[in-house]
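Asks:
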Amino acid sequence: MLAFDNLPPKRYVVDEAAKKYDVDIVRLPVKQCMLNAIKLAWAGLKNYVRDKNVNFSFNDVRHLAYQWMISWNEVTAMGYINKTRKI
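One rule links them: number in our numbering = place in the sequence shown (from 1) + 37.
Right, here's the structure in full:
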């Protein structure tokens, strides 16, 4: 369409700030949780709670989530990050 062909390119404040401070922005594709370490960790938490939950009470879910989080260490965190880097 003629109107879209003549539009100026989109400018984003974040992109301009990144350019000013010489920062590279990595944009992840939508719905690609395998590229996002936080979403991988969230999936790990949900799997842990699902496997260990027997009473289906909120307190049990909260306790299991707490157990999973305190079991984390640097090696666990780097495992999620390295998995996303391999992909």
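Glycine included, every Cβ here is placed at the ideal spot set by N, Cα and C.
Measuring only from the beta carbon, is residue 112 closer than 8 Å to any heavy atom that is part of the ligand SAH?
Replies: The ligand SAH is absent from the structure shown, which contains no ligands of any kind.
Asks: Going by the CB atoms, is the gap between residue 107 and residue 72 shorter than 9 Å?
Replies: Locating residue 72 in the sequence shown gives position 35, counting from the first residue. Locating residue 107 in the sequence shown gives position 70, counting from the first residue. For residue 72 and residue 107, no; Cβs fall outside 9 Å.
Asks: Please report the residue range of the alpha helix (DSSP H) in which residue 82 lies.
Replies: Numbered from its first residue, the sequence shown carries residue 82 at position 45. Where residue 82 is concerned, the enclosing alpha helix (DSSP H) stretches over 74 to 89.
Asks: What residue range is occupied by the uninterrupted alpha helix (DSSP H) comprising residue 59?
Replies: What you label residue 59 is simply residue 22 of the sequence shown in a count that begins at 1. Segment: none, residue 59 is in no alpha helix (DSSP H) and carries neither H nor E.
Asks: Among the candidates 97, 90, 70, whose CA atom is the shortest distance from the CA of residue 120?
Replies: Within the sequence shown, numbered from 1, the residue matching residue 120 stands at position 83. Considering only alpha carbons, the answer is 70.
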